[in-house]
Amino acid sequence: MAEVQTMPAVEVPEPDLSMEVQDQLRRSLTENEVRFFALDADDTPMLQTASARAFAGFAVDEAVGVLKKFNPEITKETISDNIHGLVYSEAMVGHLAKRSQEALREYVP
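Take the sequence shown: its position 43, counting from 1, is numbered 138 in this note's numbering, and each next residue is one higher.
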């Protein structure tokens, strides 16, 4: 039987954000999670997958908006770094359901 090799975990730095920005981002993620996953248990896996993808895209777009609101002169590179750090930060997304975390991490690899 072939051995399965796993990729070593890549360390992603925590985003350097103020407490106010972090609170706004957490609140936004939570509100969007509720909005996109307010599904019945009878929904098909395909509909659940579509909801997960829609959640991830919308949540990332909204997070970009929050970052720009708090720092209008933020660069694209800083936004990219902050979004990547946010998505992989347990402190920022740990309160979300596992499927939401997975959707975000698929959307922002």
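Glycine included, each C-beta is placed from N, C-alpha and C at the ideal position.
Under the three-state DSSP convention, the category residue i falls into
i, result
"residue 125", "helix"
"residue 100", "Only weak support is given to the placement of residue 100: the predicted model assigns it a pLDDT of 45, under 50, and the value that follows is read from those uncertain coordinates. Here residue 100 sits in coil by DSSP."
"residue 191", "coil"
"residue 111", "coil"
"residue 132", "coil"
"residue 184", "coil"
"residue 155", "helix"
"residue 168", "coil"
"residue 139", "coil"
Outcome for residue i when other beta-carbon atoms lying within 10 angstroms are tallied against a minimum of 16
i, result
"residue 110", "buried"
"residue 187", "buried"
"residue 195", "buried"
"residue 198", "buried"
"residue 116", "buried"
"residue 120", "buried"
"residue 100", "Residue placement at residue 100 is flagged as unreliable, the pLDDT there being 45, under the threshold of 50; the coordinate-derived value follows with that caveat. Exposed."
Beta-carbon proximity check, residue i vs residue j, cutoff 8 Å
i, j, result
"residue 159", "residue 174", "yes"
"residue 127", "residue 150", "yes"
"residue 179", "residue 125", "no"
Cβ-based neighbour list, residue i, same chain, cut-off 7 Å, excluding 5 preceding and 5 following
i, result
"residue 177", "110, 112 and 162"
"residue 204", "none"
"residue 169", "162 and 163"
Within-8 Å CB hit, residue i to chain D
i, result
"residue 130", "You won't find chain D in this structure, because it holds only one protein chain."
Close Cβ partners of residue i (< 8 Å) along its chain, the five nearest in sequence each way excluded
i, result
"residue 200", "182 and 183"
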